[in-house]
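Residue numbers (full-length UniProt numbering): 1 to 393.
Don't be surprised by glycine CBs; every beta carbon is placed ideally from N, CA and C.
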Ligand SMILES: NC(=O)c1ccc[n+]([C@@H]2O[C@H](COP(=O)([O-])OP(=O)(O)OC[C@H]3O[C@@H](n4cnc5c(N)ncnc54)[C@H](O)[C@@H]3O)[C@@H](O)[C@H]2O)c1
């Protein structure tokens with residue numbers, strides 16, 4: 001029976017429309033509170049979204065309170081009000097809710113504190129929040145630590161990924177985007193930059209766990225048809241990063257008038273990509289990439305660790321010899337990595353931030369932060385912040 005006009009049914013629809021409108025208005029109002037510093041990195045939506053993704057409503061980002069994850073969260077929450085973004089993060093030493101403060105009031109954002117290695121918890125989150133898409137970033141990420149307490153890397157990176165895959169399989173998610181690293185290819189010295197089908201030859205415990213996780217991701221695609229995608233990115237830098245990796249650590253040391261500790265002779269080189277460009281790449285891969293495919297994400301800007309320190313010290317206006325100290329090398333230190341990104345460029349992505357601009361933006365950010373973000377960071381600024389395995393009993 002059709003209810004006469006003005007009845008409960010109509011009121012419900014009207015209320016629903018009003019609620020929808022007020023959520024949209026709230027989103028639009030909060031967008032205006034995003035600083036231009038972040039807004040530039042958030043960038044633009046991917047134009048013309050494919051029709052097969054139109055019914056996507058709920059996206060889960062694991063590790064969203066970390067460095068790269070927080071760039072992705074800010075981007076998706078602000079640019080795509082039609083998606084609800086759920087973040088699961090255990091808030092390890094390198095994650096911070098401060099990274100997500102600018103989006104914490106948005107109606108399409110929810111933070112859930114928890115550990116991806118708990119299968120009951122993840123199954124509950126996926127079912128309860130009706131998750132359609134997973135961006136999986138949560139991991140132990142610091143190579144130096146992996147030479148010490150490497151079991152933590154296997155637990156979080158391999159077991160954690162396995163738990164996520166199993167939950168995704170049971171819950172039938174529509175996309176599982178696994179964020180991996182160029183380090184899985186191993187050192188690239190006398191061979192061309194790696195394409196996505198190059199053999200994986202990881203050389204340190206961190207990259208070995210990332211490669212192992214990728215094997216599981218691919219196995220779930222082949223065995224269970226899980227709609228996966230894999231990304232492999234080179235070194236990422238930018239604001240919002242816990243100061244244990246080269247860029248943020250050198251900047252934080254120099255801001256305290258300290259030194260840049262160079263592992264070995266400093267001739268090892270790395271390519272650098274700004275975190276905003278990585279978030280762009282993940283957005284493009286999700287909306288335009290093909291299921292089952294792997295995409296390298298990288299830049300052409302390459303610099304040795306020593307040149308990098310020198311460049312930074314010059315920006316600070318210090319004397320090079322006063323702020324460089326050579327220390328013992330890592331247990332093993334790959335000379336360089338190299339990825340060929342033509343496949344991703346074919347989807348229409350290219351990096352926007354030049355290195356000099358990205359570096360200055362990063363320095364500007366660290367000038368005003370760290371203590372409120374992560375508390376006392378002095379333990380991270382030492383030459384080798386090695387987390388050792390507990391002694392045998
Ligand atoms: N930073 C880089 O240069 C780089 C380069 C290539 C690939 N990656 C990959 O990108 C991803 C993100 O890296 P990042 O630099 O942002 O790392 P990060 O260390 O800044 O953040 C990792 C986040 O994961 C969370 N986390 C860790 N273990 C967890 C668990 N068991 N359960 C829930 N949350 C957990 C941490 O609390 C943290 O917030 C990683 O998978 C990393 O391997 C990073």
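Residue nearest to residue i in terms of C-alpha spacing, selected from the options
| i | options | result |
| --- | --- | --- |
| residue 266 | 305, 175 and 286 | 305 |
| residue 200 | 294, 163, 144 and 172 | 294 |
| residue 30 | 106, 48 and 172 | 106 |
| residue 181 | 96, 140 and 151 | 140 |
| residue 340 | 195, 152 and 118 | 195 |
| residue 176 | 127, 230 and 362 | 230 |
| residue 355 | 282, 376, 277 and 286 | 277 |
| residue 97 | 81, 119, 79 and 74 | 74 |
| residue 291 | 381, 183 and 227 | 227 |
| residue 117 | 164, 191, 172 and 301 | 164 |
| residue 114 | 89, 215 and 83 | 89 |
| residue 66 | 87, 369 and 48 | 87 |
| residue 246 | 240, 235, 256 and 255 | 235 |
| residue 238 | 296, 376 and 273 | 273 |
| residue 208 | 219, 249, 262 and 151 | 151 |
| residue 172 | 76, 255, 221 and 215 | 221 |
| residue 37 | 161, 314 and 365 | 365 |
Proximity test, residue i beta-carbon vs ligand 1 heavy atom, cut-off 7 Å
| i | result |
| --- | --- |
| residue 62 | yes |
| residue 268 | no |
| residue 341 | no |
| residue 305 | no |
| residue 242 | yes |
| residue 190 | no |
| residue 140 | yes |
| residue 41 | no |
| residue 331 | no |
| residue 67 | yes |
| residue 184 | no |
| residue 249 | no |
| residue 233 | yes |
| residue 236 | yes |
| residue 210 | yes |
| residue 215 | no |
| residue 334 | no |
| residue 87 | no |
| residue 33 | no |
| residue 346 | no |
Beta bridge counterpart(s) of residue i as assigned by DSSP
| i | result |
| --- | --- |
| residue 85 | 59 and 109 |
| residue 273 | 236 |
| residue 194 | 339 |
| residue 263 | 327 |
| residue 177 | 135 and 229 |
| residue 297 | 233 |
Extent of the continuous alpha helix (DSSP H) to which residue i belongs
| i | result |
| --- | --- |
| residue 74 | 67-79 |
| residue 171 | 160-171 |
| residue 327 | Per DSSP, residue 327 belongs to no alpha helix (DSSP H); it is in the beta strand (DSSP E), 324-327. |
| residue 248 | 246-255 |
| residue 214 | 205-224 |
| residue 352 | Residue 352 -> no alpha helix (DSSP H), and no H or E assigned at all. |
| residue 104 | Counting along the chain, residue 104 falls outside any alpha helix (DSSP H), and DSSP gives it neither H nor E. |
| residue 126 | 119-128 |
| residue 377 | Per DSSP, residue 377 belongs to no alpha helix (DSSP H) and is neither H nor E. |
| residue 153 | 150-153 |
| residue 36 | 36-42 |
Residue range of the beta strand (DSSP E) that includes residue i
| i | result |
| --- | --- |
| residue 302 | 302-304 |
| residue 360 | Not the beta strand (DSSP E): residue 360 falls in the alpha helix (DSSP H), residues 355-367. |
| residue 143 | Premise fails: residue 143 lies in the alpha helix (DSSP H), 143-146, not in any beta strand (DSSP E). |
CB-CB length for residue i against residue j, believed under 8 Å
| i | j | result |
| --- | --- | --- |
| residue 330 | residue 144 | 7 Å |
| residue 169 | residue 224 | 5 Å |
| residue 125 | residue 134 | Wrong, their Cβ atoms sit about 10 Å apart, outside the cutoff. |
| residue 147 | residue 204 | 7 Å |
| residue 255 | residue 367 | 6 Å |
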